[in-house]
Amino acid sequence: MSGHGAIEGSNKRVALLISVLALCLAFSETLGKGAQTEGLGANIEASNQWAYFQARTIRATVLKAADDAVSLVPPGPNAEAIAAKRAEWAKTLARWESEPATGEGRKELAERAKAAQEKRDLALHRYHHYEIASAAFQIGIVLASAEVITGITMLVFAGGLLGLAGAAMLAFGFFAPHALHLFG
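Start counting at 1 in the sequence shown, then tack on 6, and there's your number in the numbering used here.
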């Protein structure tokens with residue numbers, strides 16, 4: 007009987023390890039999905055800002071070309087009107103280059119796009135750490151479960167070590183995603 011009780015006690019410890027690994031897996035999967043969603047959202051934001059930046063650039067190029075063409079027209083009876091229009095275009099070009107009041111100048115749009123790219127990159131670094139943590143927890147669960155069937159104690163230790171590795175990856179993803187470079 008005492009042999010059977012020892013097996014049950016061992017199985018309870020393995021079951022507890024599996025439960026802890028499953029809980030950690032749930033955290034890493036949830037954090038991973040959140041980081042992935044945040045990364046995708048920031049990527050869309052960066053794309054939108056760069057598209058607006060490009061639209062401003064195209065409009066400025068067209069207006070600059072028109073101004074250059076008008077500057078080649080010899081002075082005539084409409085010289086004052088042409089000069090006024092060219093001055094208006096110059097103000098518009100300057101506003102399109104930098105418009106701090108609205109944040110819609112090319113300079114401000116580029117800054118916002120770069121900030122969104124940095125946010126995306128951070129989220130993707132976190133996501134990769136969480137994915138590796140999830141894999142470690144999953145493999146740890148499988149190894150610990152296999153010990154119950156096979157009785158090979160080393161499998162529990164391997165599962166526990168993978169759980170610790172997963173916890174470390176989870177911590178890196180949460181607290182220091184740039185400290186450990188895993189992917190590009």
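Cβ coordinates follow ideal geometry from the N, Cα and C atoms, glycine included.
In chain order, what residues of the same chain have a beta carbon less than 7 Å from the beta carbon of residue i, not counting five sequence neighbours either side?
i	result
Gly-38	Tyr-133, Tyr-136, Glu-137 and Ser-140
Asn-192	The chain is shown from 7 up to 190; residue 192 falls before or after that span and cannot be answered.
Leu-69	Trp-95, Thr-98 and Leu-99
Gln-42	Tyr-133
Val-20	Ala-150, Glu-153, Val-154 and Val-162
Applying the 10 Å Cβ sphere with the 16-neighbour rule, what's the burial state of residue i?
i	result
Glu-153	buried
Met-7	Model confidence at Met-7 stands at a pLDDT of 43, short of 50, so the residue's coordinates are unreliable; what they give is reported in the following sentence. When all chains shown are included, Met-7 counts as exposed.
Gly-109	exposed
Leu-161	buried
Pro-183	buried
Leu-23	buried
Ala-52	buried
Gly-45	buried
Pro-83	exposed
Would the beta-carbon of residue i fall within 8 Å of that of residue j?
i	j	result
Phe-59	Ala-121	no
Arg-198	Thr-63	As displayed, the chain neither begins before 7 nor continues past 190, which places residue 198 out of reach and without an answer.
Glu-114	Glu-124	no
Ala-92	Asp-74	Per the sequence shown, the amino acid found at residue 92 is Arg instead of Ala. In this structure, Asp-74 does not lie closer than 8 Å to Arg-92 by Cβ.
Ala-66	Trp-102	yes
Let me make sure I understand the geometry here. Which of the options has the alpha-carbon closest to that of residue i?
i	options	result
Leu-170	Ser-34, Asn-49, Ala-52 and Ala-142	Ala-142
Ala-129	Leu-31, Asp-73, Ala-93 and Phe-180	Phe-180
Ala-173	Gly-15, Leu-31 and Gly-40	Leu-31
Ala-177	Ile-158, His-131 and Thr-159	His-131
Gln-144	Arg-19, Ser-34 and Gln-55	Ser-34
With a threshold of 6 Å on Cβ separation, who are the neighbours of residue i within its own chain once the five nearest residues in sequence on each side are excluded?
i	result
Leu-188	His-134
Leu-186	Phe-178
Lys-18	none
Could you tell me whether the Cβ of residue i comes closer than 8 Å to any Cβ of chain D?
i	result
Gly-40	No chain D is present in this structure, which holds just one protein chain.
Are at least three pairs of beta-carbons, each pair with one atom in the segment 73-84 and one in the segment 138-151, less than 8 Å apart?
-> No, the segment 73-84 is not in contact with the segment 138-151.
Taking 8 Å as the threshold, find out whether the segment 18-29 comes into contact with the segment 154-168 through three or more Cβ pairs.
-> yes
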